[in-house]
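> Counting in our numbering, the sequence shown tops out at residue 945, every number present.
This is the structure I want to talk about, given as structure tokens.
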Amino acid sequence: MLVIDHFSYGWVTPVLAYIMSVIGSVLGLRCAFHARNSQRPGGWLVAAAIALGGAGIWVMHFTAMLGFSIHGASIRYDIPLTLGSAVLAIAVVWVGLSLVVRWRREMLALPIGGAITGIGVAGMHYMGMAAMKSDVTMHYNTGTVVLSVLIAVVAATAAFWFMLHVQGFPATMGAAVIMGVAVTGMHYTGMASLSATRPAQDMGGMPMSGGVDPMQLLTPLIMTVTLVTMMLIVLVGVAELDDRGKADAAVAVPLAGGRQPQVLTTDPTALPSSGRAWPRAAPTDDD
């Protein structure tokens, strides 16, 4: 049995992975909030799926995988499978979000959407693991794999509940912190199911079948993630400012439309704001 290290660079990779998960969760929650309040939620649902499924889940997974190593073995990544796992993560989150946001029956939408998304996210994780090419044989513990799938389903269901009920930025940050723990917990639970052995010498070893070194993917990954994250931040920021402007305008309209206070005057010819003359007082004996 070969020694597996999930923290080759110490706590750098898990901390960065968690931070990316929280950032993606914050953006995903805000995009989902705007999707619920929009007459055409399609665009916001796509943005939420990219934020949560792409940045919050897949980027977290790949960042954590940078710290993964097997002592005495080399690891390379199959690019099509790696990119396919990213597409899968975004797609299953979009499906779950669409069910939860568009389907008004929360009691049914939450468990169904959470199950579909959770199983899909677990599939993304193991698809990303399958993208690893190595000269050793990898094995998975069935019980731990099942546990990681259950964690993924619970995490996805909880994430969708937050998306339906959380409002306000402080509450969103709190929900994102919890979601980050759930997502990273699912990842490292799935990773704990893995073991590796070296083939017998008489078998000639396991030949490497192409792929690229994970560090070769780091630069394009950083550039892509930074660009997409900045675009989502701008999108959400503009929407937040627009909503705040509309709220301020809604408060100002009743104040502007109210009646102007009447000013008492002794001049009988003075005109009020309506343009009509005040009625003259009845003549007295002194007149």
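Where a beta carbon is used, it is the ideal one built from N, C-alpha and C, also for glycine.
Tell me, please, which residues DSSP counts as bridged to Thr855.
Thr855 pairs with Thr795.
> By Cβ distance, which residues of its chain are closer than 7 Å to Arg694, with the 5 residues on each side in sequence left out?
Correct list, in chain order: Val759.
> Whose C-alpha, out of Leu899, Gly686 and Trp716, is nearest the C-alpha of Ala705?
Nearest C-alpha to Ala705: Gly686.
> Counting Cβ pairs, one atom from each stretch, are 3 or more of them under 8 Å apart for the segment 804 to 814 and the segment 763 to 782?
Short answer: they touch.
> Taking CB distances under 8 Å as the criterion, tell me whether Ala705 reaches chain C.
No chain C is part of this structure, which consists of one protein chain only.
> Would you mind giving the Cβ-Cβ distance between Leu660 and Ile728, rounded to the nearest angstrom? I have them listed as a contact below 8 Å.
With a Cβ gap of about 5 Å, Leu660 and Ile728 count as contacting.
> Which value, in whole angstroms, describes the spacing of the CA atoms of Gly832 and Val839?
Going from the Cα of Gly832 to the Cα of Val839 covers about 11 Å.
> Which same chain residues end up closer than 8 Å to Pro828 when comparing Cβ atoms and leaving out the 5 residues on each side of it in sequence?
Nothing meets the Cβ criterion.
> Cutting at 7 Å between CB atoms, please list the residues of its own chain near Thr830, excluding the five before and the five after it.
Correct list, in chain order: Val684, Leu687, Arg688 and Val824.
> Leaving out the 5 sequence neighbours to the left and right, which residues in its chain are closer than 6 Å to Val803 when beta-carbon positions are compared?
The residues are Ser851.
> Please report the distance separating the alpha-carbon of Phe691 from that of Ile662.
Spanning the two alpha carbons is a distance of roughly 41 Å.
> Spell out the partners DSSP gives Met790 in its beta bridges.
The partner list for Met790 (beta bridge, DSSP) reads Tyr735.
> Short of 7 Å in beta carbon distance, which residues of its chain neighbour Trp761, apart from the five on each side in sequence? Order them along the chain.
Cβ neighbours of Trp761 beyond the five flanking positions: Ala767.
> In chain order, what residues of the same chain lie with their CB nearer than 8 Å to the CB of Leu739, ignoring the 5 residues before and after it?
Same-chain partners within the cutoff: Met785, Gly786, Ala788 and Ala789.
> Would you report the Cα separation of Ala731 and Val717, rounded to the nearest angstrom?
Taking the straight line from one Cα to the other gives about 24 Å.
> Count the CB pairs spanning the segment 740 to 752 and the segment 791 to 803 that are closer than 8 Å, and state whether there are at least three.
Verdict: no, contact absent.
> Going by the CB atoms, is the gap between Tyr667 and Ile872 shorter than 8 Å?
As written in the sequence, residue 872 is Pro, which differs from the Ile given in the question. No.
> Give a yes or no on whether the C-beta atoms belonging to Val680 and Leu710 are separated by under 8 Å.
No.
> Using the rule of at least 16 other Cβ atoms within 10 Å of the residue's Cβ for burial, across every protein chain shown, is Ile715 buried or exposed?
Its Cβ being crowded by 16 or more others within 10 Å, Ile715 is buried.
> Assign Val824 to one of three DSSP states: helix, strand, or coil.
It is coil, neither helix nor strand.
> Apart from the five residues on each side of it in sequence, which residues of its chain come closer than 8 Å, Cβ to Cβ, to His797?
For His797, where only same-chain residues beyond five positions count, the Cβ hits under 8 Å are Leu852, Ser853, Ala854 and Thr855.
> Are the beta-carbon atoms belonging to Ile770 and Leu757 less than 8 Å from one another?
Yes, they are a contact pair.
> Please list the terminal residues of the continuous alpha helix (DSSP H) segment that includes Leu687.
Leu687 -> alpha helix (DSSP H) spans Val670 to Arg694.
> Tell me which same chain residues have a C-beta within less than 6 Å of the C-beta of Phe665, skipping the five on either side of it?
Contacts found: Gly725.
> Would you mind giving the Cβ-Cβ distance between Met723 and Ala747, rounded to the nearest angstrom? I have them listed as a contact below 8 Å.
That pair is no contact at about 13 Å.
> Output the boundary residues of the alpha helix (DSSP H) element that contains Met723.
Looking at the DSSP string, the run of the alpha helix (DSSP H) that includes Met723 is Met718 to Met723.
> Leaving out five residues on either side along the sequence, give the residues of the same chain with a beta carbon under 8 Å from the beta carbon of Ile891.
Answer for Ile891: Leu685, listed in chain order.
> Suppose you measure from the CA of Thr671 to the CA of Ile708; what does that come to, to the nearest Å?
Their backbone Cα atoms lie some 22 Å apart in a straight line.
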